[in-house]
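**Student:** Please read through the structure below; I'll follow up with questions.
In this note's numbering, the protein residues as written are 10 to 227.
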C-alpha cells in the first residue's frame, strides 16, 4: 500500500499544560516550555513520535496476525488428530501447509534452544583426568580439540556443537565413556520457539519466494 494511503495516526503526546502553555520533559526529566525548544528539536520530536505511532500499530497488527495464523493452523492439526485418533502433546516438529495447487505454502519451523547443566563440569573433569595419563603422539591433538570444545565465548557460553562432536571419538576408556554420558545428561532444552514462514510462486515452474514478515518476536 502506498504511503499516502495509510490512515494518519495521532502520535503519542507527552505535553502537559502549565499556566496555559504546553510543556514537555527533556531527557533529564525537567519540564520545559515547548515554545522555547529549538525548531529542529521540535521537528525531530514530531517525526519520531509519528514513526513510533505507526510502528506500534504495525506491531499490534503483526501480533494479531500471528495469533490468528496459529489458531488456523491448529485447527488443521486438530482435524488430523480427530481423523487419526491421536493427540499431539506440546509443540511438534516442522510441517508445511499448502494450497491445493501448491502455489502457496505456510511453514511451521520449530527451533529448540539448548544449554548445558552442571553435569558438563563433571564431563570436563573426567576428560582432563583421562588426558593427563596419555603419552602418545595423538594426545596433543586430542587435548587441543578438547580445550577448543570447552572454550567459552564473550557471553560465557559454551559451543554446544563442539562439545557434542567429542562423542564421535571411539574411545573405550571408562572415564571417557562416563564423560560422554555426562555430556548427554547435561543437555537441557530451555526454550522451544515456533517460527512461521510464508512462500508463494506464480507457477509450478517458478521458485518459491518468501513473504517477509518478522514474526519471531510477535
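Built from N, CA and C at the ideal position, the CB exists for glycine as well. No experiment lies behind these values; they were computed from the predicted model shown.
Shortest alpha-carbon distance to residue 196 belongs to which of 80, 86 and 121?
**Tutor:** If you number the chain shown from 1, residue 196 lands on position 187. Looking at the Cα atoms, 121 is the closest of the given residues.
**Student:** Per DSSP, what kind of secondary structure is residue 122 in: helix, strand or coil?
**Tutor:** Residue numbering aside, residue 122 sits at position 113 when the chain shown is read from its first letter. Three-state result, residue 122: strand.
**Student:** Could you check what DSSP says for residue 27 in three-state terms: helix, strand or coil?
**Tutor:** Taking the chain shown and counting its residues from 1, one reaches residue 27 at position 18. Residue 27 falls in the strand class under three-state DSSP.
**Student:** Between the region 45 to 56 and the region 74 to 87, are three or more C-beta pairs nearer than 8 Å?
**Tutor:** Flag = no, the region 45 to 56 and the region 74 to 87 do not touch.
**Student:** If you follow the alpha helix (DSSP H) that residue 178 is part of, which residue opens it and which one closes it?
**Tutor:** Sequence index remark: in the chain shown, residue 178 carries index 169 (1-based). From DSSP, residue 178 is part of no alpha helix (DSSP H); its letter is neither H nor E.
**Student:** Between which two residues does the alpha helix (DSSP H) carrying residue 74 extend?
**Tutor:** Here residue 74 corresponds to residue number 65 of the chain shown, with the count starting at 1. Start and end: 48 to 93.
**Student:** Would the beta-carbon of residue 191 fall within 8 Å of that of residue 207?
**Tutor:** Locating residue 191 in the chain shown gives position 182, counting from the first residue. Locating residue 207 in the chain shown gives position 198, counting from the first residue. Not closer than 8 Å, so no.
**Student:** Within 10 Å of its beta-carbon, does residue 117 have 16 or more other beta-carbons around it, so buried, or fewer, so exposed?
**Tutor:** What you label residue 117 is simply residue 108 of the chain shown in a count that begins at 1. By the 10 Å Cβ count, residue 117 comes out buried.
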